[in-house]
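Engineer: Sharing a structure, written as structure tokens. Questions coming.
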Amino acid sequence: MDEAMKLVLQVSKPLETVKLDVNPRLAGHVLCEDVTASHEFPANPTTNVDGYAVQVPYKKGIFKVLTPATLKLGSQVPADSVYRINTGAPLPSGTNAVIMVEDTQVDSQFSAEEGQEGEEKTVELLAEVEVGENVRESGSDVRAGDKVLVAGDVVSGLGGEIGALAFVGVKQVQVYRKPVVALLSTGNELTDLQGQSSSTQSSEGWSGVIDTNRPSLKAAIEGLGYEVIDLGIVHDNIDAHVNALSDGISRADILVTTGGTSMGASDLLKPLLERNLKGTIHFGRVAMKPGKPTTFATVPPTNGERDKLVFGLPGNPASALVTFYLFVLPALRRLGGWSQKAAELPRVPVEFASRRSVVYGRKGVVSCTQPLAAEAGLEILRKGGNAADAAVAVSAALNVTEPTSCGIGGDAFCLFYDASKKTVQALNGSGRSPKALSIDVARKNGAIGKQLTERDLNSVTVPGAAAAWVDTVARLGNGKVTFGEVMAPAIHLAEEGAPVSELTANSWKRSEGLIKSASPSGDSMLINGRAPLPGEVMRLPDLARTFRALVDEGKKGFYTGRIAEAIVELIKSKGGVMELSDLAEHDTEFVDPIKYTYAGEVTLWECPPNGQGITALMALGILEAAEEIGKIKPLLEMKHNSVEYLHALIEALRLAFADTQYYVSDPKVAKVPVEEMLSKASTELLRPLSENSETMFMI
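Per full-length UniProt numbering, the sequence shown starts with residue 1, numbered consecutively.
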């Protein structure tokens with residue numbers, strides 16, 4: 001069978017090319033030339049959010065609102081105004097960033113007398129954005145000369161390729177012509193489905209065999225986007241066969257026949273192809289079941305053009321469809337310009353329980369989002385370190401390979417299970433807000449009574465990760481590797497460079513503007529002022545020096561001296577109030593973990609507040625309460641990720657998050673009633689809520 005399939009593809013060669021308009025009828029064709037963008041897209045800076053275009057720098061406060069109706073095309077937005085803008089729209093002159101609508105508040109609206117009734121007249125900007133924030137720069141999607149599609153790409157019927165062509169303004173493309181198929185059924189015993197009637201029955205009640213192959217094959221071929229010439233049914237007669245075969249060969253690129261149940265049809269096809277039509281039989285039998293009596297031939301045309309392909313498929317309906325997909329479809333694709341490898345077999349979607357291989361290990365396993373970081377953890381395990389040592393090595397390596405997601409300037413939480421003692425320990429490596437950030441200062445900064453954004457200066461806390469790494473190795477490591485050995489893989493990656501993955505490059509690109517404006521040393525995180533591309537090797541020597549300072553001097557190397565001074569200087573330059581003393585006084589806290597045992601079977605451990613893990617524990621308690629009052633059946637009896645399973649989890653988490661939002665904060669500053677929040681009494685309080693709700697825990 002494999003040899004027969006290879007032979008079909010070797011004989012099948014792409015047809016001539018044609019120029020077609022870009023419209024839905026292009027689907028199924030294969031490009032025979034590259035398609036490049038004639039200019040940049042977007043042509044001008046545009047926004048990727050709904051909000052207001054602004055001129056940075058500005059101060060938070062009240063601004064007039066301009067719209068396309070009130071700002072003349074080409075005019076500049078005044079300094080006292082903002083421009084209402086929707087996703088995808090170009091930025092007007094005089095603006096260089098967009099503030100999201102969520103970070104604004106309507107101050108006044110137009111009256112009916114003023115026109116534009118109900119639309120905002122002035123808005124209050126509640127946050128400050130950086131230059132380029134929420135802006136897609138000119139050419140950020142496609143640059144002039146970029147290849148949008150390449151020769152050999154198949155224009156699918158899903159719309160993506162046609163949309164890409166339309167996006168860059170291409171009206172016509174050169175493609176391979178799609179082959180035309182002539183379809184013929186043979187056999188004296190066959191009757192047409194639509195021509196069948198009771199009057200055709202014989203006295204014995206037999207009316208022949210209904211031709212099922214032609215309708216099913218026609219549906220398959222047309223469903224795949226190819227034109228079909230239906231030649232009908234031909235009876236076992238030499239002249240009728242020759243006429244039908246000649247007609248199909250002259251009008252189509254491929255002739256497909258299916259035999260009936262009589263021996264006459266099986267005997268006639270191959271002799272007629274060779275003797276009457278001067279064809280070449282490439283094979284007449286295939287070692288397979290079903291489909292053994294499959295024939296493949298080529299016939300020279302009368303007009304001197306290229307040879308035509310002929311497939312004689314078995315008469316059995318199942319065999320006919322199987323052999324069509326194995327032999328005819330690859331030939332159709334190859335004639336239509338598909339590469340030989342892509343045309344080999346139809347792609348059959350198969351559902352797997354998981355696409356991930358099972359990971360086995362005799363002495364340890366490291367799991368994270370980046371293979372180089374995982375290798376850093378494995379290196380520490382091989383040297384004799386334990387899970388805590390390896391976890392720090394992984395975190396530091398991720399700071400190099402995925403700096404947009406993990407960094408020494410953030411926080412760290414850790415749960416550590418000591419197998420020898422069968423105990424769980426918790427580490428809180430989060431930092432506090434600056435001491436100078438009082439209620440009065442926060443009120444002055446406009447931070448009271450609103451949700452702080454992640455880039456609001458009032459959200460910046462002392463970075464706790466650096467101290468947490470040192471303390472994790474010192475307190476939870478097994479002492480067989482030094483902190484320097486733990487940090488060595490990350491330092492090597494930062495100094496020598498690491499290839500940037502596709503996802504990380506995408507995140508880096510989105511953060512490009514923020515990196516440039518955040519710090520005077522932002523260029524060290526870029527290559528010639530831009531984010532690294534997928535596959536580029538990125539070196540981070542400044543980060544390596546920071547890591548070395550932490551290794552050589554311990555925590556004081558980060559929280560005092562050069563690094564601490566640089567952090568404070570930058571934050572103060574942006575209007576923050578952090579002092580050197582805030583950094584110098586920071587320390588990691590080792591705390592008692594909290595837990596909840598669900599259904600007497602599963603015990604879940606979490607770091608206590610200010611950590612957010614208590615949310616998961618409360619959700620388990622809420623689920624148990626809902627089970628006890630009959631609102632839901634036990635979660636362990638539900639099908640994983642079924643509708644009822646997900647609905648129960650969502651409702652339990654929704655209630656738990658409400659308590660988390662209200663109670664959880666720094667326990668050294670405010671009372672956080674952890675025991676009450678986890679107690680059965682607390683979950684009992686939720687019974688009236690779930691009992692009175694029409695949707696809570698109901699499908």
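C-beta atoms are modelled at their ideal positions from N, C-alpha and C, and glycine is treated no differently.
In chain order, what residues of the same chain have a beta carbon less than 6 Å from the beta carbon of P90, not counting five sequence neighbours either side?
Structural biologist: What you label residue 90 is simply residue 90 of the sequence shown in a count that begins at 1. Taking C-beta separations shorter than 6 Å and ignoring five residues to either side along the sequence, the partners of P90 in its chain run N44 and T46, following chain order.
Engineer: Do three or more CB pairs link the stretch 432-441 to the stretch 475-488 at distances below 8 Å?
Structural biologist: no
Engineer: For the 8 Å Cβ check, are there 3 or more pairs between the stretch 54-67 and the stretch 151-158?
Structural biologist: no
Engineer: Of the residues V142, T257 and V328, which one's Cα is nearest the Cα of V242?
Structural biologist: Numbered from its first residue, the sequence shown carries residue 242 at position 242. Answer by Cα proximity: T257.
Engineer: Output needed for A166: all residues of its chain with C-beta closer than 8 Å, excluding positions within five of it in sequence on either side, in chain order.
Structural biologist: For this step, residue 166 is matched to residue 166 along the sequence shown. The answer, listed in chain order, is V22.
Engineer: Figure out for me which residue from L321, A287, V168 and V209 has the closest Cα to the Cα of A219.
Structural biologist: The residue labelled residue 219 in the question sits at position 219 within the sequence shown. Nearest of L321, A287, V168 and V209 to A219, Cα basis: L321.
Engineer: Between the alpha carbons of A297 and F327, how many angstroms are there, rounded?
Structural biologist: Residue 297 sits at position 297 when you count from the first residue of the sequence shown. Residue 327 sits at position 327 when you count from the first residue of the sequence shown. For A297 and F327, the distance between alpha carbons rounds to 12 Å.
Engineer: Based on DSSP bridge pairs, tell me the residues matched to N243.
Structural biologist: Position 243 of the sequence shown, counted from the start, is the residue given in the question as residue 243. The partner list for N243 (beta bridge, DSSP) is empty, contrary to what the question assumes.
Engineer: Residues in the same chain with beta-carbon distance under 6 Å from A494, minus the five sequence neighbours each way, listed in chain order, please.
Structural biologist: Reading the sequence shown from its first residue, position 494 is the one you call residue 494. Within the same chain, A494 has close Cβ partners V400, L540, L543 and A544.
Engineer: Identify which residue in Q612, N96 and H640 has its Cα closest to the Cα of P667.
Structural biologist: Numbered from 1 along the sequence shown, position 667 holds the residue referred to as residue 667. Looking at the Cα atoms, Q612 is the closest of the given residues.
Engineer: Buried or exposed, going by whether 16 or more other CB atoms sit within 10 Å of the CB of S198?
Structural biologist: Mapped onto the sequence shown, residue 198 falls at position 198. Caution is warranted here: a pLDDT of 34 is assigned to S198, below 50, making its placement in the model unreliable, and the coordinate value is therefore given only provisionally. Taking all protein chains shown into account, S198 has fewer than 16 neighbouring C-beta atoms within 10 Å of its C-beta and is therefore exposed.
Engineer: DSSP on R285, reduced to helix/strand/coil?
Structural biologist: Here the question's residue 285 lines up with position 285 in the sequence shown. R285 falls in the coil class under three-state DSSP.
Engineer: Mind checking whether D192 and A37 have CB atoms under 9 Å apart?
Structural biologist: In the sequence shown, counting from the first residue as 1, residue 192 sits at position 192. In the sequence shown, counting from the first residue as 1, residue 37 sits at position 37. The answer is no: Cβ separation not under 9 Å.
Engineer: Take G575 as the anchor and find which of K341, A390 and V441 has the nearest alpha-carbon.
Structural biologist: Here residue 575 refers to the residue found at position 575 when the sequence shown is read from its first residue. When each option's Cα is compared against that of G575, the closest is V441.
Engineer: Cα separation between I571 and L457?
Structural biologist: Within the sequence shown, the letter at position 571 stands for residue 571. Within the sequence shown, the letter at position 457 stands for residue 457. Between I571 and L457, the C-alpha separation is close to 8 Å.
Engineer: From N610 to H586, what distance separates their C-alpha atoms?
Structural biologist: As a position in the sequence shown, residue 610 is number 610, starting the count at 1. As a position in the sequence shown, residue 586 is number 586, starting the count at 1. Computed Cα separation, rounded: 15 Å.
Engineer: Can you tell me where the alpha helix (DSSP H) holding T615 begins and where it ends?
Structural biologist: Locating residue 615 in the sequence shown gives position 615, counting from the first residue. Boundaries of the alpha helix (DSSP H) harbouring T615: I614 to E628, taken from the DSSP string.
Engineer: Return the chain-ordered list of same chain residues with a C-beta closer than 8 Å to the C-beta of G169, the five sequence neighbours on each side being excluded.
Structural biologist: Locating residue 169 in the sequence shown gives position 169, where the first residue counts as 1. Only S38 meet the Cβ criterion.
Engineer: By the three-class DSSP mapping on this structure, what secondary structure does E375 have?
Structural biologist: Position 375 of the sequence shown holds residue 375. Note: E375 maps to helix in three-state DSSP.
Engineer: I want to check one thing, is the minimum distance from the CB of M538 to the heavy atoms of the ligand FMN below 8 Å?
Structural biologist: Although the ligand FMN was asked about, the structure shown includes no ligands whatsoever.
Engineer: Please look up how many angstroms separate the CB atoms of T369 and E344, rounded, as I've assumed it's under 8 Å.
Structural biologist: By 1-based counting over the sequence shown, the position of residue 369 is 369. By 1-based counting over the sequence shown, the position of residue 344 is 344. Not a contact, Cβ separation roughly 34 Å.
Engineer: My guess is that residue 748 and G284 are in contact by the Cβ rule of under 8 Å, so how many angstroms apart are they, rounded?
Structural biologist: There is simply no residue 748 to check, as the chain begins at 1 and stops at 699 in what is shown.
Engineer: Cutting at 8 Å between CB atoms, please list the residues of its own chain near A465, excluding the five before and the five after it.
Structural biologist: The count along the sequence shown starts at 1 and reaches residue 465 at position 465. Correct list, in chain order: S395, G407, I408, G409, G410, D411, A412 and G429.
Engineer: Quick one: Cα of Q201 to Cα of V209, how far?
Structural biologist: Within the sequence shown, the letter at position 201 stands for residue 201. Within the sequence shown, the letter at position 209 stands for residue 209. Any answer about Q201 is weak, because its pLDDT of 44 lies below 50 and its placement is not dependable; what the coordinates show is given next. In a straight line, the C-alpha of Q201 is about 11 Å away from that of V209.
Engineer: Helix or strand or just coil, what does DSSP make of Q661?
Structural biologist: Within the sequence shown, residue 661 is the residue found at index 661, counting from 1. If DSSP states are grouped into helix, strand and coil, Q661 belongs with the helices.
Engineer: Quick check on the burial criterion: 16 or more other C-beta atoms within 10 angstroms. Buried or exposed for V8?
Structural biologist: As a working mapping, residue 8 is identified with position 8 in the sequence shown. Classification for V8: buried.
Engineer: Just the C-alpha distance for E16 and L31, rounded to the nearest angstrom, thanks.
Structural biologist: By one-based count along the sequence shown, residue 16 stands at place 16. By one-based count along the sequence shown, residue 31 stands at place 31. Each residue's alpha carbon lies about 12 Å from the other.
Engineer: Measuring only the C-alpha atoms, how far is R362 from K421?
Structural biologist: Against the sequence shown, residue 362 aligns to sequence position 362. Against the sequence shown, residue 421 aligns to sequence position 421. So the two alpha carbons sit approximately 21 Å from each other.
Engineer: State the DSSP-derived secondary structure class of L224, mapped to helix, strand or coil.
Structural biologist: Translated into the one-based positions of the sequence shown, residue 224 becomes position 224. L224: coil per DSSP, three-state reduction.
Engineer: Determine the closest residue to D389 out of L398, A397 and G377, with distance taken between C-alpha atoms.
Structural biologist: Here the question's residue 389 lines up with position 389 in the sequence shown. Cα-wise, what sits closest to D389 is G377.
Engineer: Could you tell me the boundaries of the alpha helix (DSSP H) in which F167 lies?
Structural biologist: Position 167 of the sequence shown, counted from the start, is the residue given in the question as residue 167. Boundaries of the alpha helix (DSSP H) around F167: G160 to F167.
Engineer: Please list, in chain order, all residues of the same chain as D34 whose beta carbon is under 6 Å from its beta carbon, the five residues on each side excluded.
Structural biologist: Here residue 34 corresponds to residue number 34 of the sequence shown, with the count starting at 1. Excluding the 5 residues flanking it on each side, D34 has same chain C-beta neighbours closer than 6 Å at K147, V150 and A151, in chain order.
Engineer: Name the one or two DSSP bridge partners that A498 has.
Structural biologist: As a working note, residue 498 is residue 498 in the sequence shown. Paired residues: M538.
Engineer: Please list, in chain order, all residues of the same chain as D253 whose beta carbon is under 8 Å from its beta carbon, the five residues on each side excluded.
Structural biologist: Residue numbering aside, residue 253 sits at position 253 when the sequence shown is read from its first letter. Here the set comprises L15, P179, V180, V181, K308, L309 and L335.
Engineer: Which partner residues of I254 appear in the DSSP bridge assignment?
Structural biologist: Here residue 254 refers to the residue found at position 254 when the sequence shown is read from its first residue. Under DSSP, the beta-bridge partners assigned to I254 are V181 and L309.
Engineer: Can you give the beta carbon distance from E117 to S111, rounded, assuming they're within the 8 Å contact cut?
Structural biologist: Working through the sequence shown from its first residue, we reach residue 117 at position 117. Working through the sequence shown from its first residue, we reach residue 111 at position 111. Yes, E117 and S111 are in contact; Cβ-Cβ is about 7 Å, under 8 Å.
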